[in-house]
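Undergrad: Heads up: the sequence shown runs through residues 278 to 588, numbered per the numbering used here. Every residue, glycine too, gets a C-beta built ideally from N, C-alpha and C. One structure coming up, written as structure tokens, with questions to follow.
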Amino acid sequence: MIKSAKRGLGLLACYKKAVVFAYAANLGVALLLAVPMLRSIDESFGDGLYDRQVVESIDHDWLELFRERASGAASTFSPAVLGLGPFLEHWETLLEGDLPALPAEILLVATLYLVLNAFLNGAFLGSLSFDPQGTVIREYFRTGGEFFGRFLRMALLAASLYILLQIVVAIPLGFLLENIEKTAETARSGFYWRFSFFLLSFPLVLLLGVLVDYAKIILAAEDRTSVLLALFTSCAFFLRNLPALGGLYLILSGAAVLWLLLYAALENLLPQGSGLGIAAAFAVQQAYLAGRLAIRHWFYSAQFSFYLQRR
278 MIKSAKRGLG LLACYKKAVV FAYAANLGVA LLLAVPMLRS IDESFGDGLY
328 DRQVVESIDH DWLELFRERA SGAASTFSPA VLGLGPFLEH WETLLEGDLP
378 ALPAEILLVA TLYLVLNAFL NGAFLGSLSF DPQGTVIREY FRTGGEFFGR
428 FLRMALLAAS LYILLQIVVA IPLGFLLENI EKTAETARSG FYWRFSFFLL
478 SFPLVLLLGV LVDYAKIILA AEDRTSVLLA LFTSCAFFLR NLPALGGLYL
528 ILSGAAVLWL LLYAALENLL PQGSGLGIAA AFAVQQAYLA GRLAIRHWFY
578 SAQFSFYLQR R
């Protein structure tokens, strides 16, 4: 496990460009939503110094009025965009199956992100298979184009399996949870039931993610073309190597959690009542995003090394 994690870092060191390209793609896609949302927020202030007052202290009356009048992606703006809020809200939306309820603009941008990810993941994992010591940018992108179709089909298969998981497990449990919360004697008992729902749904979504990750690795490492056979092979590999695979995943997940906690601590220490403070907070957020993408690629490279060792 530790050996695979170290080898994964070595492989990632040869492909630092992968993190740079992933960051650029994330930033570009995020700006498609951020710029119109910022324009809507700015227009809601009107003339005067009200915007400065909101920067110094969030006005909840303004926030409620803004969300009532906003439409599309701007209607999702809330205090949850601060600190750890986006990541917690992301998991809540994912586990409860509320993705279809998101505005059309967000779903469209998410689809674009899915396509870009298929290309970039294919470029990274394919390059690890063909040229583990590194390659030039032209060859890196050529490899991405070669694997793009397979990784896009894998992404569509993963999305279909996620929808099936929601239909079979999450939605029935959600209805049951809603009925339980209506009859719960206290808010605390309702919270416990909802927490139990997350404890059941989270491992299933996580398991699906692990199986899809190894299916992508198998597509690249063995130059396969069938995504279904790659997924079946991934399931078999998972069952054969469950203890060691679980240990490796805990090591990598631990690094991700530590990075998240470090970001949360820094973000809370920064005063954000001035333009300089907001700029510093933005820089910290971007550093966190870059580090998170690096850890994500470390996941791929370490699991790639583990698969080659154990297959």
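Considering Cα atoms alone, identify which of Phe354, Leu288, Leu310, Glu341 is closest to Gln410.
TA: Leu288
Undergrad: Three or more C-beta pairs closer than 8 Å, one from the region 426-442 and one from the region 486-494: is that the case here?
TA: yes
Undergrad: Hey, is the region 284-301 in contact with the region 563-574, meaning 3+ C-beta pairs nearer than 8 Å?
TA: yes
Undergrad: What residues in its chain sit with their C-beta under 8 Å from that of Phe425, if we drop five residues either side in the sequence?
TA: Hits under 8 Å: Ala395, Phe396, Gly399.
Undergrad: Which same chain residues, not among the five before or five after Gln586, have their C-beta less than 7 Å away from its C-beta?
TA: Cβ within range, chain order: Ser281.
Undergrad: Counting Cβ pairs closer than 8 Å, one from the region 412-432 and one from the region 308-323, do we hit at least three?
TA: no
Undergrad: Could you give the first and the last residue of the continuous alpha helix (DSSP H) run that contains Met278?
TA: Taken as a continuous stretch (DSSP letters only), Met278 belongs to no alpha helix (DSSP H), as it is neither H nor E.
Undergrad: Can you check which of these residues, Ile440, Phe514, Arg430, is closest to Leu481 by C-alpha distance?
TA: Residue Ile440 holds the alpha-carbon nearest to the alpha-carbon of Leu481 among Ile440, Phe514, Arg430.
Undergrad: Beta carbon of Gly285, beta carbon of Ser511: below 8 Å?
TA: no
Undergrad: Tell me whether Thr412 is buried or exposed, calling it buried when 16 or more other Cβ atoms sit within 10 Å of its Cβ.
TA: It counts as buried.
Undergrad: Measuring CA to CA, which of Ala447, Leu385, Leu516, Ser478 is closest to Arg588?
TA: Leu516
Undergrad: Suppose you measure from the CA of Ala533 to the CA of Ala290; what does that come to, to the nearest Å?
TA: 18 Å
Undergrad: Do Leu393 and Ala302 come within 8 Å of each other at the CB atom, strictly closer than that value?
TA: Against a cut-off of 8 Å, the Cβ pair of Leu393 and Ala302 comes out as a contact.
Undergrad: How big is the Cα-Cα spacing for Phe576 and Glu544?
TA: 25 Å
Undergrad: From Ala387 to Ala564, what does the alpha carbon distance come to, in whole angstroms?
TA: Straight across, the Cα-Cα distance linking Ala387 with Ala564 is about 22 Å.
Undergrad: So the candidates are Leu477, Arg427, Thr420; which of them puts its Cα closest to the Cα of Ile448?
TA: Leu477
Undergrad: So, under 8 Å CB-CB, Val306 and Tyr390 are touching, yes? Tell me the CB distance rounded to an integer number of Å.
TA: 5 Å
Undergrad: Threshold first: 4 residues or longer. Then list the alpha helix (DSSP H) segments lying entirely within the region 486-568, N to C.
TA: 504-517, 519-546
Undergrad: How should Leu496 be labelled, buried or exposed, when 16 other C-beta atoms within 10 angstroms of its C-beta is the threshold for buried?
TA: buried
Undergrad: Tell me the residue span of the alpha helix (DSSP H) that contains Thr412.
TA: Element bounds for Thr412: n/a, residue is neither H nor E.
Undergrad: Classify Gly421: buried if its beta carbon has 16 or more other beta carbons within 10 angstroms, exposed otherwise.
TA: buried
Undergrad: Please say whether Phe479 and Leu450 have beta carbons closer to each other than 8 Å?
TA: no
Undergrad: Return yes when the Cβ of Leu485 is within less than 8 Å of the Cβ of Leu453, no when it is not.
TA: no
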